[in-house]
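**Q** Just remember that my numbering sits 86 ahead of the position in the sequence shown, which is counted from 1.
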Amino acid sequence: MTPAFFGRDEYFMRLALREAERSLEHDDVPVGCVIARDGEVIAAAPNERELRGDPTAHCEVLALREASAAVGGWRLDDCVLYVTLEPCAMCAGAIVLARVPRVVYGAADPKAGAAGSVLDVTGEPRFNHRPEVAGGLLAEESAGLLREFFASRR
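1) For the candidate residues LEU103, ASP206 and HIS144, whose alpha-carbon lies nearest to that of ASP114?
2) If we count the other Cβ atoms within 10 Å of its Cβ and call it buried at 16 or more, is ASN214 buried or exposed?
3) Please look up how many angstroms separate the CB atoms of PRO217 and VAL190, rounded, as I've assumed it's under 8 Å.
4) By the 10 Å Cβ neighbour count, where 16 or more other Cβ atoms means buried, how is GLY158 classified, buried or exposed?
5) Counting only runs that start and end within the stretch 151 to 232, where is the alpha helix (DSSP H) found for 4 or more residues in a row?
6) Do the stretch 113 to 131 and the stretch 152 to 169 make contact, defined as three or more Cβ pairs closer than 8 Å?
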């Protein structure tokens, strides 16, 4: 994992945090994702598993679908994906398959993270694509949303 962050990374991660807050409107786990291309947002999504009743409706998958529609194809090889929580195995696999070159995440996920915490799908040397991963940007804000959400359910 590369810990380097660049100029507009915080701006895009703050937008992803707004998406995470939108998840709360429909009682979903507060995780949000933004995909940028050439310095502009081309896709954004909150988690919608509860809303859609769909186990694949993670914010990353929804944003990848939206970004693919925006660029007119499945290859997102000139985009950056920002997500408030380290991607799970499903989302990390989708990121790899979409050829996203760079992923920036907020909080690490010690239970299901697949960008270096529990698994490292994004760094698997046998895959033909391995995105650069930078974790920990606005980690406390991202983790705080999750802590508050789960504390309200206990």
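Beta carbons: idealized from backbone N, C-alpha and C, even for Gly.
Keep in mind it's a predicted model, so treat the numbers as computed, not measured.
**A** Once the coordinates are examined:
1) Nearest option by C-alpha distance: HIS144.
2) exposed
3) At roughly 10 Å, the Cβ-Cβ gap does not stay under 8 Å, so PRO217 and VAL190 are not in contact.
4) It counts as exposed.
5) The stretch 151 to 232 contains these whole alpha helix (DSSP H) runs: 175 to 183.
6) yes
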